[in-house]
Amino acid sequence: MMHDTKTTLEHLKQKMAAFVAEREWKQFHSPKNISMSIAVEAAELMEKFMWCDVQESRITCESSRLEVEQEVADILIGILAFANSANIDLAHAVELKLAEIAAKYPVDKCRGRAEKYNQL
Numbered sequence: 107m108m109h110d111t112k113t114t115l116e117h118l119k120q121k122m123a124a125f126v127a128e129r130e131w132k133q134f135h136s137p138k139n140i141s142m143s144i145a146v147e148a149a150e151l152m153e154k155f156m157w158c159d160v161q162e163s164r165i166t167c168e169s170s171r172l173e174v175e176q177e178v179a180d181i182l183i184g185i186l187a188f189a190n191s192a193n194i195d196l197a198h199a200v201e202l203k204l205a206e207i208a209a210k211y212p213v214d215k216c217r218g219r220a221e222k223y224n225q226l
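When you line the sequence shown up against our numbering, it's residues 107 to 226, in that order.
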């Protein structure tokens, strides 16, 4: 069984690529199609929390754990497929994005606050 502490992004991308290749789905995996699929899966996750307040959403995560995990997995599977299709190095992309966000949200200005960077 795979676990976050032992499984690399590269391993997951390779598993996704093999899954797609076995089914001859690469022809359908355009950035347009996969991005739309990710949006649909994200909406399915959002639906689990529709009309919940913050505390109810935490309870839903526990009471519907398997369903929530499946929706999160669907989103990640879409992201892996997109990264494969568009030749994106996910680790590099995340590192760059975190650096950009860190510059917009310096710890001393945003700790414990939810305002957007231009309102800090």
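Glycine residues also receive a C-beta, built at the ideal position from the N, C-alpha and C atoms. Please read these numbers as outputs of a predicted model, since none were measured by experiment.
query: Is it true that the CB of Met108 sits closer than 8 Å to the CB of Ala187?
result: no
- prompt: Which value, in whole angstroms, describes the spacing of the CA atoms of Glu175 and Ile183?
  reply: 12 Å
field: Three or more C-beta pairs below 8 Å linking the stretch 189 to 205 and the stretch 118 to 132
entry: yes
- request: Could you check what DSSP says for Phe125 in three-state terms: helix, strand or coil?
  value: helix
message: Let's see if you can read the secondary structure: which residues bound the alpha helix (DSSP H) around Ser136?
response: Run containing Ser136: none; DSSP gives neither H nor E here.
query: What are the boundary residues of the alpha helix (DSSP H) that includes Leu182?
result: 171 to 192
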